[in-house]
Amino acid sequence: MLAERPDEVLMCAYQAGELAAFEELYGRYRGRLFRYLARQCPAAVAEELSQECWLRVIRARAGYVVSARFVTWLFRIAHNLLMDHFRRADHAALAAFDDDEALQAAIESAPDDPLRQPDALAEREALARRLIAALEALPAPQREAFLLQQEGEMSVDEIAAATGVGRETAKSRLRYALARLRAALAEDQP
Amino acid sequence: MTDPDPKLPGPDPHDEALAALYRQAARAEPPARQDAAIHAAAAADLKAPRAHRPPWWLRWRLGLSVAATLVLTTSLVLLVQREQGEPGEEARKAAAERPAPARQEGAAEGTSSARQEAAAPSAPNAAPAVRSAPPAPAAPPPALGAESPPAAASPRKKEAAPRPEAFPGAPASALTGEARSDSAASPHDAAQPAREPSPPPPEAWLDDIRKLHRAGRDAEARNALATFRRSYPNHPVPPDLAPLQEAP
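In structure tokens form, the structure reads like this:
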């Protein structure tokens, strides 16, 4: 069993010819990358984009240079593939990425009440399903920001780098997503 | 948990309750076929020979060679055009300043005569180039008509009368602008070779001689007629002026 090595070290090891290093790296992010895509497009498209993303990582092996965190680089590739999909098949989602003025207005009106965690497991399960539904109802930019934070465990700066926007825009999108999700889950709570 | 004031730099927006709820809900995984495909691709890439990437100057040799050829060709063309253009420009200037043929019996402006004097020295040198140049432009209007070329360059001089000091008997009204400009161009005469002014028109000249005769100034009229005969030896003398030819 390989010792816990940083992502970048694993990628460099794969670049040097170590297949096991790539398999370790793939195991860490295969699910997270797939879920990031699956919450933003149909399941069949998510499978296709996920596979294409990993193939691009493999093709970049020879010229790989550590210029950022591996996870940031990986999700930047996934983000670009997602944008290409939106250009081909979902222009409404693509347009939402340019509507920052509406985002700012929405942030001001979004409720900021804390989420009450139910005690019963069943209630939490139901709440989790409602969270997924509310997540899929978010505008595409805000949904993506939330997913990058959750699946990629990325900071606001890394989210900004992966999506090609400024730090404040990334931060606003994330704040809006959190506020809207809390509001959606709090609607039916007593 | 509430987000910090966005106006103040602080931690990133985060909601632990939402995060925990999300981790509980997020269970989707990629299909097994993707795992197999990715593993196979990763292994195949390691086995494939790494394509040797030539250095940048080898990859760009075609473009660089084309660019260098274009630069050299353009430079050579410009250089040749510049060298060929210098003698040609002088010839074009000489041709433009060359006066019209002497068959014109019009007057010439002083400015045009001055230009001819300036062009005269270079005319012989430019003759070979001028021959190959396009024909001289059409004769200018009579008022700007040029006199015959200088003796060194033109054979037409044979047709002109011997150069008189003046045209006696030809008042100012009959004199050409060329003649009037003689005095105005006198400063140029000193520096330029001698030129031959054109005589006034014969009919006007004879009229003025006739006026002198009718005024009783026969000596002047006789002198003017003699000069007229030298300028226009083939022009017939009117019968009323014929007696002036006889000795008094």
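Protein sequence lines, in the order shown, are assigned to chains P and Y.
Note that the first sequence covers residues 69 to 258 in the working numbering.
Note that the second sequence covers residues -4 to 243 in the working numbering.
Note that CB positions come from ideal geometry on N, CA and C, so glycine has one too.
>> Taking the alpha helix (DSSP H) that Ala40/Y belongs to, which residues open and close that run?
In response: Translated into positions along the second sequence, residue 40/Y becomes position 45. Looking at the sequence itself, residue 40/Y is Asp, so the reference to Ala does not match. Start and end: Ala27 to Lys42.
> Quick one: does the C-beta of Val113/P sit closer than 8 Å to a heavy atom of the ligand ATP?
Replying inline: The ligand ATP is absent from the structure shown, which contains no ligands of any kind.
> Hey, does Leu53/Y have any beta-carbon neighbour from chain P nearer than 9 Å?
Replying inline: Here residue 53/Y corresponds to residue number 58 of the second sequence, with the count starting at 1. It does not: the Cβ of Leu53/Y has no partner Cβ on chain P nearer than 9 Å.
> Between Ala106/P and the rest of its own chain, which residues show a CB-CB distance below 6 Å, the 5 nearest in sequence each way excluded?
Replying inline: For this step, residue 106/P is matched to residue 38 along the first sequence. Result list for Ala106/P: Ala114, in chain order.
>> I'd like the span of the alpha helix (DSSP H) that includes Gln240/Y, first residue to last.
In response: Mapped onto the second sequence, residue 240/Y falls at position 245. Where Gln240/Y is concerned, there is no enclosing alpha helix (DSSP H), given that its DSSP letter is neither H nor E.
>> Does any residue of chain P have a CB that is nearer than 9 Å to the CB of Glu78/Y?
In response: For the purposes of this step, residue 78/Y is taken as the residue at position 83 of the second sequence. For Glu78/Y, the answer is no, since every Cβ of chain P falls outside 9 Å of its Cβ.
> Which stretch, first to last residue, makes up the alpha helix (DSSP H) that contains Ser240/P?
Replying inline: As a working note, residue 240/P is residue 172 in the first sequence. That run of the alpha helix (DSSP H) goes Arg235 to Ala254.
> Any idea what DSSP makes of Gly58/Y, helix, strand or coil?
Replying inline: As a working mapping, residue 58/Y is identified with position 63 in the second sequence. Gly58/Y sits in a helix when the DSSP states are folded into three classes.
> Given that a residue counts as buried once 16 or more other Cβ atoms are within 10 Å of its Cβ, and exposed if not, what is His230/Y?
Replying inline: Counting from 1 along the second sequence, the entry for residue 230/Y is found at position 235. With fewer than 16 other Cβ atoms inside 10 Å of its own Cβ, His230/Y counts as exposed.
>> Does Gln217/P pass the burial test, meaning 16 or more other C-beta atoms within 10 Å, or should it be called exposed?
In response: Working through the first sequence from its first residue, we reach residue 217/P at position 149. Burial call: buried.
> Out of curiosity, what's the CA-to-CA distance linking Pro116/Y and Arg224/Y?
Replying inline: Here the question's residue 116/Y lines up with position 121 in the second sequence. Here the question's residue 224/Y lines up with position 229 in the second sequence. Confidence in Pro116/Y is poor, its pLDDT being 45 and thus under 50, which makes the residue's placement unreliable; the coordinate value appears in the next sentence. Cα to Cα, the separation comes out at about 32 Å.
>> Please list, in chain order, the residues of the segment 185 to 206 of chain P that have any C-beta partner in chain Y closer than 8 Å.
In response: Gln185, Arg192, Glu193, Leu195, Ala196, Arg197, Leu199, Ile200 and Leu203
>> Rounded to the nearest angstrom, what separates Leu246/P and Arg56/Y at their Cα positions?
In response: Here residue 246/P refers to the residue found at position 178 when the first sequence is read from its first residue. Here residue 56/Y refers to the residue found at position 61 when the second sequence is read from its first residue. Using only the alpha carbons, I get a separation of about 55 Å.
> Can Glu204/P and Arg100/P be called in contact, C-beta distance under 9 Å?
Replying inline: As a working note, residue 204/P is residue 136 in the first sequence. As a working note, residue 100/P is residue 32 in the first sequence. No, Cβ-Cβ distance for Glu204/P and Arg100/P is not below 9 Å.
> By how many angstroms is the C-alpha of Arg96/P removed from the C-alpha of Arg241/P?
Replying inline: The count along the first sequence starts at 1 and reaches residue 241/P at position 173. The count along the first sequence starts at 1 and reaches residue 96/P at position 28. Computed Cα separation, rounded: 26 Å.
> What three-state label does DSSP hand Ser193/Y in the structure shown?
Replying inline: Taking the second sequence and counting its residues from 1, one reaches residue 193/Y at position 198. Correct three-state label for Ser193/Y: coil.
> Does the segment 110 to 129 of chain P come close enough to the segment 143 to 158 of chain P to have 3 or more Cβ pairs within less than 8 Å?
Replying inline: Touching, per the Cβ criterion.
> When the Cα atoms are used, what is the spatial distance from Gly58/Y to Val72/Y?
Replying inline: Mapped onto the second sequence, residue 58/Y falls at position 63. Mapped onto the second sequence, residue 72/Y falls at position 77. For Gly58/Y and Val72/Y, the distance between alpha carbons rounds to 21 Å.
> Beta carbon of Pro25/Y, beta carbon of Phe102/P: below 9 Å?
Replying inline: For the purposes of this step, residue 25/Y is taken as the residue at position 30 of the second sequence. For the purposes of this step, residue 102/P is taken as the residue at position 34 of the first sequence. Yes, Cβ-Cβ distance for Pro25/Y and Phe102/P is below 9 Å.
> Taking 9 Å as the CB-CB cut-off, is Arg73/P touching chain Y?
Replying inline: One-based indexing of the first sequence puts residue 73/P at position 5. With 9 Å as the cut-off, Arg73/P does not count as an interface residue toward chain Y.
> Can you give the beta carbon distance from Leu201/Y to Pro233/Y, rounded, assuming they're within the 8 Å contact cut?
Replying inline: Reading the second sequence from its first residue, position 206 is the one you call residue 201/Y. Reading the second sequence from its first residue, position 238 is the one you call residue 233/Y. Confirmed, Cβ separation roughly 6 Å.
> Would Leu41/Y count as contacting chain P if we go by Cβ distances under 9 Å?
Replying inline: Counted from its first residue, the second sequence places residue 41/Y at position 46. Taking CB atoms only, Leu41/Y has a neighbour in chain P less than 9 Å away.
> Hey, would you say Ala84/P sits closer than 9 Å to Arg73/P, going by beta carbons?
Replying inline: Counting from 1 along the first sequence, the entry for residue 84/P is found at position 16. Counting from 1 along the first sequence, the entry for residue 73/P is found at position 5. The answer is no: Cβ separation not under 9 Å.
> Using the beta-carbon of each residue, which ones in chain P are nearer than 9 Å to Ala27/Y?
Replying inline: Counting from one through the second sequence, the residue named residue 27/Y turns up at place 32. In chain order: nothing, as chain P lies at least about 11 Å away.
> How many Å lie between Leu253/P and Pro207/P at the Cα?
Replying inline: Mapped onto the first sequence, residue 253/P falls at position 185. Mapped onto the first sequence, residue 207/P falls at position 139. Cα-Cα distance, rounded: 17 Å.
> chain Y beta carbons: is any one of them nearer than 9 Å to that of Tyr94/P?
Replying inline: Position 26 of the first sequence holds residue 94/P. Output row for Tyr94/P: interface = yes.
> Would you say Arg56/Y reaches chain P, if we count a Cβ-Cβ gap shorter than 9 Å as a contact?
Replying inline: Looking up residue 56/Y in the second sequence gives position 61. It does not: the Cβ of Arg56/Y has no partner Cβ on chain P nearer than 9 Å.
> Mapping DSSP to helix, strand and coil, what is Tyr227/Y?
Replying inline: Position 232 of the second sequence, counted from the start, is the residue given in the question as residue 227/Y. Tyr227/Y falls in the coil class under three-state DSSP.
> Within the 9 Å Cβ cut-off, does Gly232/P reach chain Y?
Replying inline: Looking up residue 232/P in the first sequence gives position 164. No, because no Cβ of chain Y sits closer than 9 Å to the Cβ of Gly232/P.
> Since Trp122/P meets chain A, which of its residues come closer than 9 Å, beta carbon to beta carbon?
Replying inline: In the structure shown, chain A does not exist; the protein chains are P and Y.
>> Am I right that Ala194/P and Ala136/P are in contact with their C-beta atoms under 8 Å? What's the rounded C-beta distance?
In response: For the purposes of this step, residue 194/P is taken as the residue at position 126 of the first sequence. For the purposes of this step, residue 136/P is taken as the residue at position 68 of the first sequence. So it is not a contact: roughly 39 Å between Cβ atoms.
> Can you round the beta-carbon distance between Phe138/P and Met79/P to whole angstroms, since I take them to be within the 8 Å contact cut?
Replying inline: Residue mapping note: residue 138/P aligns to position 70 of the first sequence, counting from 1. Residue mapping note: residue 79/P aligns to position 11 of the first sequence, counting from 1. That pair is a contact at about 6 Å.
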